[in-house]
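Q: Counted from 1, the sequence shown has number 158 at position 148 by this note's numbering; the numbering is strictly sequential.
No residue lacks a Cβ here, since even glycine has one placed at the ideal position from N, Cα and C.
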Amino acid sequence: MLAVHDLQKSFGAFLAVGQANLEVKPGEIVAVIGPNGAGKTTLFKLITGQLKPDSGRIVFQGQDIAGLPAHRIAQQGISLSYQVVSVFGRLSVFDNVRVAVLAHQKRLLNLFTPAARLAEKETWDILESLGLTAKALAVSGSLSHGDGKVLELAIALANRPRLLIMDEPTAGMSPEETQGAIALIQRLTKELGLTVLFCEHDIEMVFSLAHRIMVMRQGRTIAQGTCEEVRCNAEVQEAYLGV
Ligand SMILES: Nc1ncnc2c1ncn2[C@@H]1O[C@H](COP(=O)(O)OP(=O)(O)OP(=O)(O)O)[C@@H](O)[C@H]1O
Ligand SMILES: [Mg+2]
Numbered sequence: 011m012l013a014v015h016d017l018q019k020s021f022g023a024f025l026a027v028g029q030a031n032l033e034v035k036p037g038e039i040v041a042v043i044g045p046n047g048a049g050k051t052t053l054f055k056l057i058t059g060q061l062k063p064d065s066g067r068i069v070f071q072g073q074d075i076a077g078l079p080a081h082r083i084a085q086q087g088i089s090l091s092y093q094v095v096s097v098f099g100r101l102s103v104f105d106n107v108r109v110a111v112l113a114h115q116k117r118l119l120n121l122f123t124p125a126a127r128l129a130e131k132e133t134w135d136i137l138e139s140l141g142l143t144a145k146a147l148a149v150s151g152s153l154s155h156g157d158g159k160v161l162e163l164a165i166a167l168a169n170r171p172r173l174l175i176m177d178e179p180t181a182g183m184s185p186e187e188t189q190g191a192i193a194l195i196q197r198l199t200k201e202l203g204l205t206v207l208f209c210e211h212d213i214e215m216v217f218s219l220a221h222r223i224m225v226m227r228q229g230r231t232i233a234q235g236t237c238e239e240v241r242c243n244a245e246v247q248e249a250y251l252g253v
């Protein structure tokens with residue numbers, strides 16, 4: 011579904027991402043791990059078009075998308091759920107999701123489609139599949155941290171992505187919220203046929219959710235494989251796991 015080949019991005023003289031390689035197959039849940047500053051967020055921004063790579067290839071469903079503008083990449087079916095909250099705090103949960111659904115439909119529907127009505131049904135469907143129905147009318151800014159993250163996920167899903175990219179989806183969550191998020195992401199991949207790429211510092215969370223892991227260090231891919239393969243990799247142990 012996604013193949014990243016030798017991707018490179020510098021900020022001035024600083025090489026933030028260099029020799030990054032990644033492969034994601036349809037239906038997989040793939041994690042990117044690495045210490046602070048390894049280049050994980052930069053890599054995700056390159057894939058979603060918020061940053062332009064200096065060189066390298068990003069092939070999504072057979073097409074090279076490297077350097078395309080972000081809205082074009084979103085149209086192709088890649089959504090990013092942000093590390094930082096991207097929700098309108100004073101709108102209700104329902105309206106936040108509806109705005110995102112409408113933004114997506116505006117790109118797809120013709121003039122004669124009753125977009126507003128369709129958006130309502132779709133909004134309720136998304137809220138229901140994420141367990142947010144009871145909170146639909148709550149002011150978004152009043153949600154708990156965990157529910158706020160689920161709302162961000164709902165907004166990302168409004169784009170009907172094939173590939174969902176999440177930057178630290180469970181950061182700051184309680185252990186119970188993290189367990190709930192893991193179960194939710196697993197269910198969504200099955201029900202919606204989603205493919206998921208995420209990064210996360212909580213290594214236990216990574217091992218319980220990811221099918222495969224890519225390890226970054228100083229912008230470079232140093233390992234890729236199943237959880238077991240990555241756990242046993244000597245360079246990873248030395249660089250990251252500290253054992
Ligand atoms: N816009 C920018 N301008 C200059 N340097 C940047 C910019 N964005 C990121 N960097 C640098 O690039 C490196 C990689 O940053 P990035 O945010 O991708 O790391 P990360 O792996 O996501 O880290 P974290 O785990 O802390 O989120 C860091 O050294 C960061 O300071
Ligand atoms: Mg980051």
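1) Closer than 6 angstroms: is that where the CB of T231 sits relative to any heavy atom of ligand 2?
2) With DSSP collapsed to three states, give me the class of N106.
3) Who's in the neighbourhood of ligand 1, going by beta-carbon under 5 angstroms from any heavy atom, listed in chain order?
4) Identify whether M215 lies in helix, strand or coil by the three-state DSSP scheme.
5) Where G72 and S152 are concerned, what is the direct C-alpha to C-alpha distance, given to the nearest angstrom?
6) Does A41 come out as helix, strand or coil in the three-state DSSP assignment?
7) If you reduce the DSSP assignment to three classes, tell me which class A233 lands in.
8) Could you tell me the distance, in whole angstroms, from the CA atom of W134 to the CA atom of T199?
9) According to DSSP, which residues form a beta bridge with A30?
10) For P179, count the other beta carbons within 10 Å of its own beta carbon; 16 or more makes it buried, fewer makes it exposed. Which is it?
11) Is there contact here, the segment 31 to 43 with the segment 207 to 227, by at least three beta-carbon pairs under 8 angstroms?
12) Rounded to the nearest angstrom, what separates Q93 and R127 at their Cα positions?
13) So what's G158 in DSSP terms, helix, strand or just coil?
14) Since V160 and S102 should fall inside the 8 angstroms C-beta cutoff, what is the C-beta to C-beta distance between them, to a whole number of angstroms?
15) In or out: A49 buried (at least 16 other Cβ within 10 Å) or exposed?
16) Are the segment 235 to 249 and the segment 58 to 72 in contact at 8 angstroms, needing three or more beta carbon pairs?
17) Please report how far the alpha carbon of V253 lies from the alpha carbon of V111, in whole angstroms.
18) Have a look at A13, V34 and F24 and flag the residue whose alpha-carbon is nearest the alpha-carbon of T236.
19) State yes or no: is the C-beta of V107 within less than 7 angstroms of the C-beta of A164?
20) Is the beta carbon of H114 closer than 7 angstroms to that of N169?
A: Here's the rundown:
1) no
2) helix
3) F21, A26, N46, G47, A48, G49, K50, T51 and T52
4) Three-state result, M215: helix.
5) 42 angstroms
6) strand
7) Strand, per DSSP.
8) 19 angstroms
9) L17
10) buried
11) yes
12) For Q93, the pLDDT reaches just 49, beneath the cut-off of 50, and the residue's location in the model is therefore unreliable, although a value from the coordinates is still provided. For Q93 and R127, the distance between alpha carbons rounds to 31 angstroms.
13) If DSSP states are grouped into helix, strand and coil, G158 belongs with the helices.
14) No, V160 and S102 are not in contact; Cβ-Cβ is about 15 angstroms, not under 8 angstroms.
15) Before going further, note that residue 49 is Gly rather than Ala in the sequence given. In this structure G49 is buried. Its beta-carbon is surrounded by 16 or more other beta-carbon atoms within 10 angstroms.
16) Result no; under three Cβ-Cβ pairs closer than 8 angstroms.
17) Caution applies to V253, whose pLDDT of 48 falls short of 50 and renders its modelled position unreliable; the model cannot decide the point.
18) V34
19) yes
20) yes
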